[in-house]
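Single-structure report; data block below.
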Amino acid sequence: MYKYVVKRILLMIPVLLGISFVVFFLMDLTPGSPADIIMGDLATAEAKAQLNESLGWNQPFLQRYVEYIVNVFHGDFGTSYVSGLPVFQELFSRFPTTFRLALYSMVLASLIGIPVGIACAVKQYSLIDSFSTIFALIFISIPSFWLGLLMIIVFSVQLHLLPSFGSESFAHFIMPAITCSGATLATLIRMTRSTMLEVIRQDYIRTAYAKGATKGRVIVKHALQNAMIPIITIVGVNFGYMLGGAVITENVFGMSGVGNLLLGSIRNKDIPMVMGGVLIIAVMFSIINLLLDILYAFVDPRVKAQYKKGGT
Amino acid sequence: MEDNKKTLLEIEDLDVIYQTDLETVHAVNGISFSMKQGETLGLVGETGAGKSTTALSILRLLAENTGKIRKGKILFNGENILDMNKLELQCLRGEKISMIFQDPMTSLNPVLTVGKQIAEVLELHNQKHLSAHQIEERVDEMLRLVGISSERKHDYPHQFSGGMKQRVVIAIALACQPQLLIADEPTTALDVTIQAQVIDMMEKLKSQLNTSMILITHDLGIVAEICDNVAIMYAGEIIERGTVYDIFENEDHHPYTEGLFGSIPRLDDETDRLKPIKGLMPDPTRLPEGCKFSPRCPKCMEICKKEQPPACRKGTHEICCHLYRKNDEK
Numbered sequence: 444m445y446k447y448v449v450k451r452i453l454l455m456i457p458v459l460l461g462i463s464f465v466v467f468f469l470m471d472l473t474p475g476s477p478a479d480i481i482m483g484d485l486a487t488a489e490a491k492a493q494l495n496e497s498l499g500w501n502q503p504f505l506q507r508y509v510e511y512i513v514n515v516f517h518g519d520f521g522t523s524y525v526s527g528l529p530v531f532q533e534l535f536s537r538f539p540t541t542f543r544l545a546l547y548s549m550v551l552a553s554l555i556g557i558p559v560g561i562a563c564a565v566k567q568y569s570l571i572d573s574f575s576t577i578f579a580l581i582f583i584s585i586p587s588f589w590l591g592l593l594m595i596i597v598f599s600v601q602l603h604l605l606p607s608f609g610s611e612s613f614a615h616f617i618m619p620a621i622t623c624s625g626a627t628l629a630t631l632i633r634m635t636r637s638t639m640l641e642v643i644r645q646d647y648i649r650t651a652y653a654k655g656a657t658k659g660r661v662i663v664k665h666a667l668q669n670a671m672i673p674i675i676t677i678v679g680v681n682f683g684y685m686l687g688g689a690v691i692t693e694n695v696f697g698m699s700g701v702g703n704l705l706l707g708s709i710r711n712k713d714i715p716m717v718m719g720g721v722l723i724i725a726v727m728f729s730i731i732n733l734l735l736d737i738l739y740a741f742v743d744p745r746v747k748a749q750y751k752k753g754g755t
Numbered sequence: 032m033e034d035n036k037k038t039l040l041e042i043e044d045l046d047v048i049y050q051t052d053l054e055t056v057h058a059v060n061g062i063s064f065s066m067k068q069g070e071t072l073g074l075v076g077e078t079g080a081g082k083s084t085t086a087l088s089i090l091r092l093l094a095e096n097t098g099k100i101r102k103g104k105i106l107f108n109g110e111n112i113l114d115m116n117k118l119e120l121q122c123l124r125g126e127k128i129s130m131i132f133q134d135p136m137t138s139l140n141p142v143l144t145v146g147k148q149i150a151e152v153l154e155l156h157n158q159k160h161l162s163a164h165q166i167e168e169r170v171d172e173m174l175r176l177v178g179i180s181s182e183r184k185h186d187y188p189h190q191f192s193g194g195m196k197q198r199v200v201i202a203i204a205l206a207c208q209p210q211l212l213i214a215d216e217p218t219t220a221l222d223v224t225i226q227a228q229v230i231d232m233m234e235k236l237k238s239q240l241n242t243s244m245i246l247i248t249h250d251l252g253i254v255a256e257i258c259d260n261v262a263i264m265y266a267g268e269i270i271e272r273g274t275v276y277d278i279f280e281n282e283d284h285h286p287y288t289e290g291l292f293g294s295i296p297r298l299d300d301e302t303d304r305l306k307p308i309k310g311l312m313p314d315p316t317r318l319p320e321g322c323k324f325s326p327r328c329p330k331c332m333e334i335c336k337k338e339q340p341p342a343c344r345k346g347t348h349e350i351c352c353h354l355y356r357k358n359d360e361k
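Chains as they are written, first to last, in my numbering: chain A, 444 to 755; chain B, 32 to 361.
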């Protein structure tokens, strides 16, 4: 198991190198030079050329890339062309907002989605089942920006209950978290329902009933753990996505998260900022995936046995 | 077998259907039988004859949405199981009646250790108020009883072979020393050498613990080996029943039973082909009128196609066939 984890962490290195190369290349293809951004339209062409020279912009693409990577390995992510602040500092001042948003959304989606999904499976074709199917369909179809705007109109503008803008207090996170979790919640309900339905038809569930176990015990003790793998996959992967910044939600609610920062940086061709942001998202995603794989081993002993054998 | 032993289980006119929106499957059509304490009853028949449905009905484990018991009584120690509420059923299942399922590969929970799965049934029916430690000891004892080292109780089902898993299933079934054990084709999924081991072990444990058993199988060899009484099922009905001697030694048989015996290949017979019973089991959604076996029966008469054959008794031997009607009337 320990060996497996080390192997997976080492495997992250080529993945990150690949991602950084692709992004660096794409950013290079966009028009304009760093000096255009830093100095604006008023500067002379001479001054711009000088600045570009000092930033190393005139060197060949591959050389710039290699230099960037070497710097990253030394812990230097460069400074933002726009704000002039170190990239690392900028990103990490934004990260708590994104993290909180992702965490609240996932907790909300799991707390509602999993129990509702279970209830739907246990009482298949019942009222709650039909109702939640419709509910899930609506939530998966609604565009999140629209849901966000709608909530702002109702809860901020009309009822004055919640703040519509910013990310200072817990109240600021309520509407964004609901907006963000909608689609995940819907997927989670449907997925929990279908996996549970599959599991409760298994022979070992009948064995559990034949032992004299109550329905509740059978569901909680025997069925749920067997249905857990697809469920934690959905929660984990969506959490990973959200850590990369929920761009639309952050924009609608004017939150200063990583997603918003990244979007602005791409528009401004702020190469160090974009690179830093993308790398952080990639690292987060890889770590979440690794954690998921470790979690699988605790949920299903058969997976653990595979890891022990040294399989992938 | 003493006759004064108490009747343990009595099934009267049991009728079970599986109902879906599209069709109604007549799985069990008015069967009756009874068994005494300590007795082993073999339920024999082809796939789809209604054996497993009968077994599941006894524990009320039929699929909730589709399986329905239309009429009949299942008396266990004089109490009708069909009238029991949830709580009474929970006390019955696993403690007084337990079941061994067909496929050991899938009947154990893959995410729980075998020790926990055996302990669960003891915890659920802990009337002697055993402590956790005593339950663990009992788990070890059960594992040893079925021939598995007690050190392996921390292992998961995927670490066991098929035969070993079936032993674990048997340990679970016998942990509470039930009065009745229902074994639904316990050896079908196992290979022949393991079959013999498992059957031997079940036989031994059954006599040790004085458990009655319903053995569902299509293997006549196993029936001859361990059953006291045999009931042969076809299309949801018992078409012939009797003691193991009646079935294996007697001359007279239902044509279906003859077909079953005829289809067993013999060592001393030099034939190239097996002799199956021609045709297929009738579609349980549209059962034929009269005798259900008549479309496949080599001795079919006119009356067979119209009239349900009566039960013809001769001592302990009972055959439902028009052929033996005269014998009965004499």
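Cβ coordinates follow ideal geometry from the N, Cα and C atoms, glycine included.
Return helix, strand or coil for residue i, following the three-state DSSP convention.
i                     : result
residue 529 (chain A) : strand
residue 94 (chain B)  : coil
residue 76 (chain B)  : coil
residue 473 (chain A) : coil
residue 187 (chain B) : coil
residue 611 (chain A) : coil
residue 624 (chain A) : helix
residue 129 (chain B) : strand
residue 585 (chain A) : coil
residue 50 (chain B)  : strand
residue 306 (chain B) : coil
residue 44 (chain B)  : strand
residue 348 (chain B) : strand
residue 122 (chain B) : helix
residue 195 (chain B) : helix
residue 256 (chain B) : helix
residue 284 (chain B) : coil
residue 669 (chain A) : helix
residue 534 (chain A) : helix
Work out the CA separation of residue j and residue i for me, nearest whole Å.
i                     : j                     : result
residue 557 (chain A) : residue 592 (chain A) : 27 Å
residue 49 (chain B)  : residue 133 (chain B) : 20 Å
residue 309 (chain B) : residue 327 (chain B) : 6 Å
residue 217 (chain B) : residue 122 (chain B) : 24 Å
residue 315 (chain B) : residue 646 (chain A) : 24 Å
residue 38 (chain B)  : residue 152 (chain B) : 26 Å
residue 100 (chain B) : residue 597 (chain A) : 54 Å
residue 486 (chain A) : residue 480 (chain A) : 10 Å
residue 113 (chain B) : residue 94 (chain B)  : 15 Å
residue 42 (chain B)  : residue 72 (chain B)  : 13 Å
residue 673 (chain A) : residue 251 (chain B) : 44 Å
residue 510 (chain A) : residue 682 (chain A) : 32 Å
residue 716 (chain A) : residue 522 (chain A) : 7 Å
residue 154 (chain B) : residue 459 (chain A) : 51 Å
Any beta carbon of chain A sitting closer than 8 Å to that of residue i?
i                     : result
residue 215 (chain B) : no
residue 189 (chain B) : yes
residue 297 (chain B) : no
residue 130 (chain B) : yes
residue 198 (chain B) : no
residue 121 (chain B) : yes
residue 125 (chain B) : yes
Is there a C-beta anywhere in chain B that falls below 8 Å from the one on residue i?
i                     : result
residue 559 (chain A) : no
residue 511 (chain A) : no
residue 654 (chain A) : yes
residue 447 (chain A) : no
residue 748 (chain A) : yes
residue 650 (chain A) : yes
Within 10 angstroms of the Cβ of residue i, are there 16 or more other Cβ atoms? Answer buried if so, exposed if not.
i                     : result
residue 520 (chain A) : buried
residue 76 (chain B)  : buried
residue 513 (chain A) : exposed
residue 440 (chain B) : Outside the displayed span of chain B (32 to 361) sits residue 440 (chain B), for which this structure offers no information.
residue 143 (chain B) : buried
residue 243 (chain B) : buried
Under a CB-based cut-off of 8 Å, is residue i close to chain C?
i                     : result
residue 647 (chain A) : The structure shown contains no chain C; its protein chains are A and B.
By the 7 Å beta-carbon criterion, what residues does the segment 133 to 156 of chain B contribute toward chain A?
134, 137, 138, 139, 140, 141, 142, 151, 152, 155, 156
Short-range partners of chain A found in the segment 90 to 118 of chain B, where Cβ spacing is below 7 Å:
90, 92
Contact list for the segment 717 to 745 of chain A against chain B, Cβ threshold 9 Å
742, 743, 744, 745
The segment 652 to 680 of chain A: positions lying closer than 7 Å to chain B by Cβ
652, 653, 654, 655, 656, 657, 665, 668, 669
For the segment 248 to 260 of chain B, enumerate the residues whose C-beta is nearer than 8 Å to any C-beta of chain A, in chain order.
none
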